[in-house]
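Colleague:
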Amino acid sequence: MKLTRRTVLGSAVVAGLAIASGPLARPAAAQETIKIGAPFNVTGALSSVDAPALNGAKVKVKEINDAGGVLGKKLELVIYDTKTDPTVIAATASQLINQDKVPVGLGFTDSDSALALGPIFQTAGVPFVTPGATSPKLPDQIGTDMFLACFGDNVQAAAGAEFVLGKLGGKTVYLLRDNSTEYTTLLAKYFKEAYLHGGGQIVLEDNYKAGDKSFTAQITKLKALSPKPDVLYVAAQPDDIGLVVKQMRQAGLTQPIVGGDGYDTPLLLSVGGKAANNVYFSTHAYMAEDSTPAIVTFYKAYKAAYNTPPENAFAALGYDTVGLVADAISRAGSTDSAKIRDALAATQGYKGITGSISYAGDSRVPQKTVSIIGVKDDKLYLAAEVTPNWIPKP
Amino acid sequence: MSGMQRLIVVVAGIALLGLFSFSAPAMMNDYFVRILTVMCINAMLVVSMGLANGFTGVFSLGHVGFVGVGAYVSGVLSLSASAKASYLPDLPAWIAGLHLSFLSSTIVAGLVCVVLAFLVGAPLMRLSGHFVSVATLGFLIIVNVVLINADDYTRGARTFTGVPLQTTFPWAMGWLLLALVVLARIVYSPKGRAWRAVREDTIAAQAIGIDVLPTRLSAFVIGAFFAGAGGSLYGHYLGSFSPAGFYFAYTFSLISMLVIGGMQSMTGAVVGVIIVSILSELLRNLERGFDLGVVAVPPLYGASQIVLGIIFILIMIFRPSGVMGDLELSFGRIAALLHKGRKE
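Heads up: the protein sequence lines correspond to chains A and B, in order. By this note's numbering, the letter at position 128 of the first sequence is numbered 128, and the numbering carries on one by one without gaps. By this note's numbering, the letter at position 270 of the second sequence is numbered 270, and the numbering carries on one by one without gaps.
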């Protein structure tokens with residue numbers, strides 16, 4: 001055979017297909033495992049929160065398997081990178097159900113991704129638990145098979161409002177929101193409701209869009225305000241928060257900046273730097289070596305596995321979600337999707353490291369305590385633990 | 001081949017594809033059916049994008065703007081009354097009471113885009129070259145901002161959800177075939193020749209009596225119809241979407257499919273979609289790590305995007321005008337290939 005361009009191309013294609021068919025036709029592992037679908041946005045805009053959640057989940061799976069597994073079988077995470085792309089998410093959802101035949105799934109830290117996957121799991125009757133998609137509307141939008149392992153945005157916004165009114169003594173607030181995502185718009189809406197209910201006053205509301213690199217227009221309007229607001233509440237996505245904080249501080253604004261769990265990313269300190277001082281945010285747990293004993297144990301296990309401390313509370317949420325699912329499987333005594341769903345819905349007082357998880361009545365959103373983290377001297381510290389008294393309706 | 005024979009082959013081919021699309025769910029699992037469905041939708045979008053970008057030489061970056069408008073218009077129209085009441089409580093009464101079927105909302109979405117394309121195109125199609133790209137990019141940005149701020153109609157930045165999941169494989173295949181047949185009839189007619197004449201040399205085209213503005217505008221408007229209809233299919237495939245989904249990332253993904261396949265050929269557009277879709281699915285599965293017995297590769301998430309980028313670069317180096325260039329898969333060519341095969 002002459003080595004022409006065509007034969008080279010041809011053999012390359014054949015070789016590619018041969019390699020590619022490998023994983024598709026991969027035979028089931030020798031010993032039987034319990035598969036748990038784990039789609040996460042490991043790359044793309046959400047990777048700084050999704051990747052830690054996945055790593056946390058892996059830590060818990062290893063821990064459970066080392067202790068003998070569940071129902072005498074080992075757990076196996078069937079992981080896919082969904083690339084922060086709704087079409088990839090929809091295809092992956094179908095792949096998990098029809099090809100990998102997982103009885104239960106977990107994943108994602110944002111509502112948009114969960115909404116793209118949800119209907120496909122719901123139609124197939126396969127339960128799905130999200131570690132970090134905090135929209136309290138999610139279970140109602142998708143159906144009976146969707147569960148949250150974290151508190152809803154209404155709870156964390158209410159906790160933020162009470163913290164601003166109480167500890168920070170802020171009577172007036174400037175509210176800035178990223179109006180291009182579900183998470184930030186809802187968070188700002190709930191904060192406003194709770195803050196007004198608590199007797200605060202909002203002096204100005206303004207918007208920006210995810211990916212904006214300059215906030216000059218917003219900052220100019222903010223600086224022109226008289227009298228100055230006591231506190232700035234900024235509902236931002238992980239990617240933007242460092243930049244927002246930095247530009248506000250550069251413009252000479254020294255008020256406390258408060259926000260939600262979108263701040264809980266290494267980007268706050270790495271991009272914001274010194275500017276991040278006097279920033280507070282509500283999140284799921286305080287990840288540090290001086291936190292609760294359960295968190296400290298997890299902190300060490302995570303550091304041992306990945307050579308880096310847990311990046312944020314989503315790592316702990318990923319860990320808890322696997323625990324929650326494993327607990328439901330063992331109480332169901334079976335890997336039947338419907339039985340796992342019923343066991344999940346009946347969860348009462350599951351002791352997670354981010355707090356205790358119970359689903360009250362028909363609700364599939366747990367009531368949990370909110371941690372408020374502050375930044376002082378370029379370091380995070382636990383500023384308060386809040387269980388809000390008044391919570392806006394989802 | 002006589003005209004009659006040709007017609008029979010085309011009809012038989014369409015019937016075969018139709019039959020395949022209906023029987024596919026029984027033959028393969030839902031995952032593959034979904035991939036094929038998305039491929040059909042993307043093929044329709046890329047082929048319609050090729051009208052202006054490839055055949056007429058108006059390199060528009062605004063195509064995805066029409067896709068977004070199509071998705072939202074059809075989504076609002078086909079939401080059930082109860083879903084409208086809970087998701088979009090502030091809709092004006094006349095829309096809130098309106099509930100259209102999937103097919104009619106898709107057609108309405110296409111027509112809305114036609115009107116929009118006419119309004120936008122009339123001033124913009126006077127521009128040429130890079131200027132028209134930048135101007136249409138402006139259109140894309142405007143659509144995005146309007147979608148985000150028209151809260152009452154679109155839920156703003158929040159996910160638009162609750163759209164019935166009605167885009168099945170037969171629907172997507174049906175629309176693709178319709179788009180291909182209709183567009184092929186236009187592209188290879190005097191109208192299509194006028195498009196290409198305008199692309200190759202505006203002054204020469206004017207000299208032989210072709211009016212440049214209406215010619216470009218027609219390509220832009222027809223492309224917009226299928227973009228709107230494709231947007232509706234996309235929306236009814238996902239069921240929930242947000243303005244961020246109809247922005248730069250999707251624009252560049254469609255453009256890369258068009259450029260890789262070959263901008264000046266409808267076959268190229270389809271081939272580009274097939275190549276990019278299959279490659280990205282294969283690579284996405286490969287990057288999870290695999291075991292060849294001899295070597296085991298650990299998971300490398302994100303590697304698929306890198307490899308895909310390198311493949312694109314290689315294709316552009318070795319075939320700068322895309323895989324197909326300006327070649328079409330035609331009956332004459334197939335016959336010639338068969339003949340050549342027999343001789344060897």
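We put the CB at the ideal spot given by N, CA and C, even for glycine.
Using beta carbons (cut-off 8 Å, strictly below), is Tyr233(A) in contact with chain B?
Modeller: Stepping through the first sequence from its first residue, residue 233(A) is reached at position 233. No, because no Cβ of chain B sits closer than 8 Å to the Cβ of Tyr233(A).
Colleague: Is it buried or exposed for Val9(B), if we count other Cβ within 10 angstroms and need 16 for buried?
Modeller: Taking the second sequence and counting its residues from 1, one reaches residue 9(B) at position 9. So Val9(B) ends up on the exposed side.
Colleague: Apply the 10 Å Cβ neighbour rule to Ile203(B) and answer buried if 16 or more other Cβ atoms are within range, or exposed otherwise.
Modeller: Stepping through the second sequence from its first residue, residue 203(B) is reached at position 203. Burial call: exposed.
Colleague: Can you find a C-beta in chain B that's less than 8 Å from the C-beta of Ala67(A)?
Modeller: For this step, residue 67(A) is matched to residue 67 along the first sequence. For Ala67(A), the answer is no, since every Cβ of chain B falls outside 8 Å of its Cβ.
Colleague: Using a beta-carbon distance below 8 Å, is Phe241(B) in contact with chain A?
Modeller: Within the second sequence, the letter at position 241 stands for residue 241(B). Output row for Phe241(B): interface = yes.
Colleague: Verify whether the separation of the beta carbon atoms of Thr254(A) and Ala316(A) is less than 8 Å.
Modeller: As a first step, residue 254(A) must be located in the first sequence, where it is residue number 254. As a first step, residue 316(A) must be located in the first sequence, where it is residue number 316. No.
Colleague: What does Asn396(A) reach in chain B if we use C-beta pairs closer than 7 Å?
Modeller: With chain A represented from 1 up to 394, any question about residue 396(A) goes unanswered, as that position is not in the structure.
Colleague: My understanding is that Val276(B) touches Ser256(B), with C-beta atoms under 8 Å, so please give their C-beta distance in whole angstroms.
Modeller: On the second sequence, residue 276(B) is found 276 positions in, with the first residue counted as 1. On the second sequence, residue 256(B) is found 256 positions in, with the first residue counted as 1. Yes, Val276(B) and Ser256(B) are in contact; Cβ-Cβ is about 6 Å, under 8 Å.
Colleague: For Ala384(A), which residues does DSSP report across the bridge?
Modeller: Here residue 384(A) is taken as the residue at index 384 of the first sequence, counted from 1. Per DSSP, Ile372(A).
Colleague: Which residues does DSSP list as the beta-bridge partners of Ile297(B)?
Modeller: Position 297 of the second sequence, counted from the start, is the residue given in the question as residue 297(B). Residue identity differs from the one stated: residue 297(B) is Val in this sequence, not Ile. Beta-bridge pairing links Val297(B) to Phe290(B).
Colleague: Please decide whether Val102(A) counts as near chain B, where near means a Cβ-Cβ distance under 8 Å.
Modeller: In the first sequence, the residue the question calls residue 102(A) occupies position 102. So no, Val102(A) is outside the interface.
Colleague: Any idea if His284(A) is buried or exposed, counting beta-carbon neighbours within 10 angstroms, 16 or more meaning buried?
Modeller: Counting from one through the first sequence, the residue named residue 284(A) turns up at place 284. That one is buried.
Colleague: Would Pro256(A) be called buried (16 or more neighbouring beta carbons within 10 Å of its own) or exposed?
Modeller: As a first step, residue 256(A) must be located in the first sequence, where it is residue number 256. So Pro256(A) ends up on the buried side.
Colleague: The segment 160 to 191 of chain B: which residues have C-beta closer than 9 Å to a C-beta of chain A, in chain order?
Modeller: Cβ contacts with chain A come from Thr161, Gly162, Leu165.
Colleague: Sorted by chain position, which residues of the same chain lie with C-beta nearer than 7 Å to Leu329(B)'s C-beta, five sequence neighbours on each side aside?
Modeller: The sequence position of residue 329(B) within the second sequence is 329, counting from 1. Excluding sequence neighbours, Leu329(B) sits near Thr267.
Colleague: Strictly under 8 Å for the Cβ-Cβ distance: is Pro394(A) near chain B by that measure?
Modeller: Position 394 of the first sequence, counted from the first residue, corresponds to residue 394(A). By this cut-off, Pro394(A) is not an interface position.
Colleague: Tell me, please, whether the segment 121 to 138 of chain A touches the segment 146 to 155 of chain A by the rule of three or more beta-carbon pairs shorter than 8 Å.
Modeller: Enough Cβ pairs lie closer than 8 Å, so yes.
Colleague: Tell me, please, which residues DSSP counts as bridged to Tyr174(A).
Modeller: Counting from 1 along the first sequence, the entry for residue 174(A) is found at position 174. Note: Tyr174(A) sits in a beta bridge opposite Leu204(A), Leu232(A).
Colleague: Given a cut-off of 8 Å on the beta-carbon distance, is the pair Gly37(A) and Gly105(A) in contact?
Modeller: Start at 1 with the first residue of the first sequence, and residue 37(A) comes out as number 37. Start at 1 with the first residue of the first sequence, and residue 105(A) comes out as number 105. Cβ atoms of Gly37(A) and Gly105(A): closer than 8 Å.
Colleague: Residues of chain A with CB closer than 7 Å to the CB of Tyr72(B), please, in chain order.
Modeller: As a working note, residue 72(B) is residue 72 in the second sequence. The premise fails here: Tyr72(B) is roughly 15 Å from chain A at the closest Cβ pair, so nothing lies under 7 Å.
Colleague: Does the count of Cβ pairs from the segment 61 to 78 of chain B and the segment 242 to 259 of chain B closer than 8 Å reach three?
Modeller: Verdict: yes, contact present.
Colleague: Taking only beta-carbon positions, decide if Thr387(A) is within less than 8 Å of chain B.
Modeller: Taking the first residue of the first sequence as 1, we reach residue 387(A) at position 387. Thr387(A) does not count as touching chain B.
Colleague: Hey, is Ala276(A)'s beta-carbon within less than 8 Å of any beta-carbon in chain B?
Modeller: As a working mapping, residue 276(A) is identified with position 276 in the first sequence. Chain B, which has no Cβ nearer than 8 Å to the Cβ of Ala276(A), makes this no.
Colleague: Would you say Tyr402(A) faces chain B, with C-beta separation under 8 Å as the test?
Modeller: What the structure shows of chain A is the stretch from 1 to 394, and residue 402(A) is not part of that stretch, so it cannot be assessed.
Colleague: Report yes or no: is there a C-beta of chain B within less than 8 Å of the C-beta of Thr185(A)?
Modeller: Within the first sequence, residue 185(A) is the residue found at index 185, counting from 1. Answer yes: the Cβ-Cβ gap between Thr185(A) and chain B drops below 8 Å somewhere.
Colleague: Hey, out of Ser180(A), Val70(A), Tyr286(A), Ala235(A), whose CA is closest to Leu147(B)'s CA?
Modeller: As a working mapping, residue 147(B) is identified with position 147 in the second sequence. The option with the nearest alpha carbon to Leu147(B) is Ser180(A).
Colleague: To which residues does DSSP link Glu76(A) through a beta bridge?
Modeller: As a position in the first sequence, residue 76(A) is number 76, starting the count at 1. Answer is Lys35(A).
Colleague: In this structure, what does DSSP give as the bridge partners for Ser282(A)?
Modeller: Sequence index remark: in the first sequence, residue 282(A) carries index 282 (1-based). Answer is Ile372(A).
Colleague: In the DSSP assignment, the alpha helix (DSSP H) including Tyr237(B) goes from what residue to what residue?
Modeller: To locate residue 237(B), count along the second sequence from 1; it is residue 237. That run of the alpha helix (DSSP H) goes 212 to 238.
Colleague: Taking C-beta pairs closer than 7 Å, name the residues in chain B that Ala116(A) reaches, listed in chain order.
Modeller: Your numbering for residue 116(A) matches position 116 in the first sequence. Those are Leu238, Ser240, listed as they occur along chain B.
Colleague: Once you ignore the five residues that flank Asp291(B) on each side, which residues in its own chain have a CB closer than 8 Å to its CB?
Modeller: Position 291 of the second sequence, counting from 1, holds the residue named residue 291(B). Taken in chain order, the residues that qualify are Val297.
Colleague: Which residues of chain A have a Cβ atom closer than 8 Å to the Cβ of Gly302(B), listed in chain order?
Modeller: Reading the second sequence from its first residue, position 302 is the one you call residue 302(B). Chain A residues near Gly302(B): Val42, Thr43, Asp81.
Colleague: Using a Cβ cut-off of 9 Å, which residues of the segment 356 to 382 of chain A contact any Cβ in chain B, in chain order?
Modeller: From the segment 356 to 382 of chain A, no residue has a Cβ closer than 9 Å to chain B.
Colleague: List the residues of chain A whose Cβ lies closer than 7 Å to the Cβ of Ile35(B), in chain order.
Modeller: Taking the first residue of the second sequence as 1, we reach residue 35(B) at position 35. Residues of chain A passing the Cβ test: Ala91.
Colleague: Could you confirm whether any beta carbon from chain B is found closer than 8 Å to the beta carbon of Asp112(A)?
Modeller: Sequence index remark: in the first sequence, residue 112(A) carries index 112 (1-based). It does; some Cβ of chain B falls within 8 Å.
Colleague: Are the beta-carbon atoms belonging to Leu175(A) and Tyr286(A) less than 8 Å from one another?
Modeller: As a first step, residue 175(A) must be located in the first sequence, where it is residue number 175. As a first step, residue 286(A) must be located in the first sequence, where it is residue number 286. No, the Cβ-Cβ distance between Leu175(A) and Tyr286(A) is not below 8 Å.
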